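In our numbering, the protein residues as written are 653 to 1002.
Now the structure itself:
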């Protein structure tokens, strides 16, 4: 029996309407209706409150079982299954301190991610859009002579920096809100069985949206090169360079749509993985994240410095953007090497 079915059964057992239950939980009737239809999941504090109202355990509400007695019998067993192993092969893991995540803390974290994820994705998109004006102005200066090359470069760089500043500001501001939950990425954590069940349910309900976003983002990135093939039909000797510059701008806009999907839905998926210690946030991968984080910070600072230095020296702003493309490929290769080296090291330590 699912959570939605149990809410219906318990509500009808006491003879309440959806509105009466909503009044006791201080929520709207529509919220109760969504819970019972399975389109949304109650917050953890509401589940705790319902367990008090109906005189059942939260474990019974979250487990897909028909009988309360059966749920109680398995409670101690399921909690024991999630304790760290005590074998000699895992002595290193058991020595590490575990950060206990309270139910209210987990609920607050998931809500905060939902509130900030759109802004974080927007900040990334602004950074991707930042060179578009610079490219267009550079192309116009050569094609129509509307601006001198120096004026186009100067104005383009100003707009680029404004976009980067806005995007970076959004990322920093919203990132600071999530800083207090940074331990979820770095430390081993322990959550209660009820919280684990709730997060698992939310992750399961979110899975279809996440899968669609991955497909949409991938298709957008693949289709982003289509403008280059269309340019063949419109380009001539006079307009070829400018059309290809426009194609690059269109490519960046399409790619930004794909990246938006990846960042927005991927961040929500990541919040569930962090609490469950799954995916990229297993205990082994957490030990590797520190050297990777330091490397990433140094690497991209160097790449940006090289880009700005070469661009100002050569004034080839329409070409030097390739540095970021090459840098991205090299970055992926370097991450693979670092991950391979440190994963072997961590495995040997364990």
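Each residue gets a CB set at the ideal place from its N, CA and C atoms; glycine is no exception. In this text, all values refer to a predicted model and were calculated from it rather than measured experimentally.
Contact between the stretch 841-851 and the stretch 754-764 is present: three or more C-beta pairs spanning the two stretches fall below 8 Å. Within the same chain, and ignoring the five residues on either side of residue 766 in sequence, the residues whose Cβ sits closer than 8 Å to its Cβ are 920. Counting along the chain, the unbroken alpha helix (DSSP H) around residue 671 starts and ends at 670-677. Here the C-alpha atom of residue 772 lies approximately 39 Å from the C-alpha atom of residue 672. In this structure, the straight-line span from the alpha carbon of residue 815 to that of residue 762 is close to 29 Å. Distance from the Cα of residue 991 is smallest, within the candidate group 966, 965, 948 and 976, for 948. Burial is judged here by how many other beta carbons sit within 10 angstroms of a residue's own beta carbon; residue 706 has at least 16 and is buried. Looking at the DSSP output, residue 663 shares a beta bridge with no other residue. DSSP places residue 752 within a strand segment (E or B) once states are collapsed to three.
Here the alpha carbons of residue 970 and residue 811 stand approximately 15 Å from one another. Comparing alpha-carbon positions, the option among 962, 961, 952 and 965 lying closest to residue 982 turns out to be 952. In this structure, the straight-line span from the alpha carbon of residue 855 to that of residue 879 is close to 37 Å. Between residue 779 and residue 819, the C-beta gap is smaller than 7 Å, which places the two residues in contact. Each residue's CA atom was taken as its position, placing residue 825 and residue 700 some 33 Å apart. Residue 707 sits in coil when the DSSP states are folded into three classes, being neither helix nor strand. Residue range 935-966 is occupied by the alpha helix (DSSP H) that includes residue 938. With a threshold of 16 other beta carbon atoms within 10 Å, residue 978 falls short and is exposed. A check of alpha carbon separations from residue 804 across 822, 783, 827 and 664 identifies 783 as the nearest. The continuous alpha helix (DSSP H) containing residue 969 extends over residues 969-972. Here the alpha carbons of residue 874 and residue 712 stand approximately 46 Å from one another.
Rounded to the nearest whole angstrom, the C-alpha separation of residue 897 and residue 787 is 6 Å. Excluding residues up to 5 positions away in sequence, 787 lie with their Cβ nearer than 7 Å to the Cβ of residue 900 in the same chain.
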